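Peer 1: First the structure, which I've put down as structure tokens, then a few questions once you've had a look.
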Amino acid sequence: MTIAVLRRLGIGALTLWVVSILVFLIIHHLPGDPISVLLRQYATPETRAALEAYWGLDQPLLDQYVAWMGRLLQGDFGTSITSNLQVSDILAERLPRTMVLMLGGLLIALLIAVPGGMLAASRRGSLADHGLTTGSLVLQAQPEFWIGSLLVLVFGVRLAWFPTSGYVDFADDPLDWLAHSVMPMVTIAVVSAGLLLRTVRASMVTELQQDHVMLARSNGVAGWRIIGLHAGRNALAPTITVVGLQVGILMSGAVITERVFGYPGMGLTLVNSLIARDYPVVQTGILVFAGLFILTNTVVDIVSMWIDPRARAKLQGGR
Amino acid sequence: MTPTDIAPLVPAGASPTGSPQRLWRQLHRNPKTLVGMIILVPIVLVAIFAPWLTPYPYDAIYVGDVLGAPTSEHWLGTDLNGRDLLSRLIIGTRVVVGVPLAVGLLTLVIGVPIGLLAGYLRGVVDGVLMRVVDVFLSFPWLLVALGLAAVLGAGLSTVIVTLVVVYWPQVARVTRNSVMAVSESEYVTAAAAIGEPRSSIVLRYVLRNAYFPILVLLSSMLAFSILNEAGISFLGFGIQSPQTSWGLELAAGSTYLTAAPHLVIFPGLAIVLVVLGMNMFADGLGDLLNRQGRER
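What follows is the structure, given as structure tokens:
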């Protein structure tokens, strides 16, 4: 178990390192180097050389990478070109908002998917099963920007239940914060709910056919106990793995959703910085999101190893 | 592993044996693949004949009809510039069909040979190639899109390159798993025993019997890539006006949501319909694959 966990952590660290190299190379091959972006028409050979020396851009690429990594590890992510704010300050303010949005979306998705998937699996082949499976396919086909726009149209404009855009801090007014967050969270939840429902159903169907479930059933264990306890526990591991994979969907969904609702999280910041060619923010934003994603998947793999010994064996033997 | 990482959900091995005719029979007997085809075939036809089907030129501007609601002249209304929405959506089918087609072909060209090598040679080759795949799988698709948009600029080619970068590792992994499952079967061992060269074993036996899981993955990948393209274009890093894509139309319309909701509703419905059709088809194929797996 310990060896498997260490191995998984090693893979995670290796991936993160490769990602950092890729992000570094991408930023260094951008059309329009940061100096041209910053100086625009005022770029003279002298100022250019001075800035290149100041930022170390005249150093060999490897030295630049090492220096960049060194600064990153000290929490120095550079300064935004457009706002002149420390990138670390921007991150500290906005990343938590995006993460809350993603978690809220995931929670709503699970609230739909887990009972729905269990119901569909327990009445396999019934009308309810067909309805839920088809419904999940319909959910999966909904783009976030379309769901978001529809919610705005119906609940924001027509019914005027929720504000259509903007953000209020939880500390300032918890109720107003909730009002601003409900529609974005539902938007993020929709696609994931469809995918998760199918996963829960599929793994429950497999588990319900296992011998130990048959035995429990023939011993007269109540139906809901079988579904919740005997089969449900084993169906948890594959579901958790898929939740890990969902983090990427949630992340991409959050970026698009923030744009729809003008929600000032890290996703919207990333998109706006890219439009404004504010590369220090783009670079850090991409690296932090990728890091978060790798970290979640590492944790998810370790948790599912802990729940399900079969996953442990799989990892030890390679894929 | 990525957001749209569907590879683990596709079972390995087990391709339907038999003729193309038999596969075709199964496809239109399964209600899901049938419904999928009923939605998708007309869309493909519209894409092919798009320029002859549009009631107006897609980029012609009708002054006085700005943000017009649906009328008998403009069935789906007009956009911000007074362009006919129906004509724009019809031309947009070319992106909806073309992008997944290009992405599908390119991911096969890259992913299948790599998966074949890893699955058939195993050992160190497999280990190295699968680590590379793992690294590529650890980019959420939108981050790839944003990163590449920074380097290449916005546009159609950025969308295609993004989706190829995101999806080839999945094709490689499913191919590899599928090839591994097939290479263990007796006829492959037998072919090796009678001294068939490796290359001919791979092409004649392994690939021929391992293709079906790849097909299943490909079909759900295509559904995702339609959504991905629309998302990238919605954010403004994909197809650029005056060219058109359904995601771009929706993005342009969302600014005038209250004044002209039809600009959001029709492109949105179009996207949902096509993706649903593709998902149904993919799901039906998956059912066929599972059934084959059980029969073996």
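Chains as they are written, first to last, in this note's numbering: chain A, 13 to 331; chain B, 7 to 302. A virtual CB, placed ideally from N, CA and C, is assigned to each residue, including glycine. Every value quoted in this text rests on a predicted model; they were computed, and no experiment measured them.
#1: Between B/V185 and B/V212, how many whole angstroms is the CB-CB distance? I'm expecting something under 8 Å.
#2: Closer than 8 Å by C-beta to B/V167: which residues in its own chain qualify, once you throw out the five before and the five after it? Chain order, please.
#3: Taking only three categories from DSSP, how would you classify B/V71?
#4: Does A/T91 come out as helix, strand or coil in the three-state DSSP assignment?
#5: For a contact defined as C-beta to C-beta under 7 Å, what are the partners of B/A265 on chain A?
#6: Taking the runs of the alpha helix (DSSP H) that are 4 residues or longer, which of them lie wholly in the stretch 52-132 of chain B?
#7: What does A/Q98 pair with, by DSSP beta-bridge criteria?
#8: Any idea what DSSP makes of A/G12, helix, strand or coil?
#9: Once DSSP output is grouped into helix, strand and coil, what is the label at A/D290?
#10: Below 8 Å on the Cβ atoms is my guess for B/I45 versus B/L279; work out the distance and round it to an integer in Å.
#11: Could I get the ranges of all uninterrupted beta strand (DSSP E) runs contained in the stretch 153-231 of chain A, with 3 residues as the minimum, in chain order?
#12: Look at the alpha carbon of B/G201 and the alpha carbon of B/V194, and state the distance between them as a whole number of angstroms.
#13: Drop a sphere of 10 angstroms on the beta-carbon of A/P292, count the other beta-carbons inside from all chains shown, and report buried for 16 or more, exposed for fewer.
#14: Between which residues of its own chain and B/E74 is the CB-CB distance below 7 Å, once the five residues before and five after are set aside?
#15: Mind checking if B/M286 is an interface residue toward chain A, Cβ cutoff 8 Å exclusive?
#16: On the DSSP letters alone, give me the boundaries of the alpha helix (DSSP H) that B/L213 sits inside.
#17: Rounded to the nearest angstrom, how far is the Cβ of A/T110 from that of A/E270, given a contact under 8 Å?
#18: Can you look up B/Y173 in the DSSP assignment and give me helix, strand or coil?
#19: Would you please state the rounded distance, in angstroms, between the beta carbons of A/A205 and A/I124? I believe it to be under 8 Å.
#20: May I have the straight-line CA-CA distance separating A/N284 from B/A156, to the nearest angstrom?
#21: Taking only beta carbons into account, state which residues of the stretch 195-212 of chain B come closer than 8 Å to chain A, listed in chain order.
#22: For A/T56, does the three-state DSSP call read helix, strand or coil?
#23: Using a Cβ cut-off of 7 Å, pull out every chain B residue sitting near A/M81, in sequence order please.
#24: CB-CB under 8 Å to A/L286, same chain, minus the five flanking residues each way: which ones, in chain order?
#25: Of all the options B/L256, B/Q246, B/L40, B/L91, which has the alpha carbon lying nearest to the alpha carbon of B/G283?
#26: Return the residue from the list B/P76, B/A178, B/L169 that minimises the CA-CA distance to B/A124.
#27: What would DSSP say about A/A16, mapped onto helix, strand or coil?
#28: Which term fits B/W58, buried or exposed, when burial requires 16 or more other beta carbons within 10 angstroms of its beta carbon?
#29: Should A/P292 be flagged as near chain B, meaning a C-beta pair shorter than 8 Å?
#30: Which of the three DSSP states is assigned to B/V165 in this structure?
#31: Which ranges does the alpha helix (DSSP H) cover as unbroken runs of at least 4 residues, wholly within the stretch 106-162 of chain A, from first to last along the chain?
#32: Please name the residue in A/M195, A/P186, A/L144 whose C-alpha comes closest to that of A/V166.
#33: Is the beta carbon of A/V35 sitting closer than 8 Å to the one on A/I298?
#34: By a C-beta neighbour count over all protein chains shown, 10 Å radius and 16 as the cutoff for buried, is A/S92 buried or exposed?
Peer 2: Judging by the given coordinates:
#1: 5 Å
#2: Taken in chain order, the residues that qualify are L154, L158.
#3: According to the sequence shown, residue 71 of chain B is Asp rather than Val. Three-state result, B/D71: coil.
#4: strand
#5: Residues of chain A passing the Cβ test: none, with the nearest at roughly 11 Å.
#6: 56-59, 91-127
#7: A/T91
#8: This structure leaves residue 12 of chain A out entirely; chain A is present only between 13 and 331.
#9: coil
#10: 6 Å
#11: none
#12: B/G201 and B/V194 have their C-alpha atoms roughly 11 Å apart.
#13: Label assigned to A/P292: buried.
#14: Strictly speaking, residue 74 of chain B in this sequence is Gly, with Glu absent from that position. Cβ neighbours of B/G74 beyond the five flanking positions: H80, G83, T84.
#15: Interface criterion met: the Cβ of B/M286 is under 8 Å from a Cβ in chain A.
#16: 213-241
#17: 7 Å
#18: In the three-state reduction of the DSSP assignment, B/Y173 falls in the helix class.
#19: 4 Å
#20: Computed Cα separation, rounded: 12 Å.
#21: Flagged: no residues at all.
#22: coil
#23: Here the premise fails: no neighbours, minimum Cβ distance about 18 Å.
#24: V294, listed in sequence order.
#25: B/L40
#26: Ranked by Cα distance from B/A124, the first of B/P76, B/A178, B/L169 is B/A178.
#27: helix
#28: exposed
#29: no
#30: helix
#31: 139-152
#32: A/M195
#33: For A/V35 and A/I298, yes; Cβs fall inside 8 Å.
#34: buried
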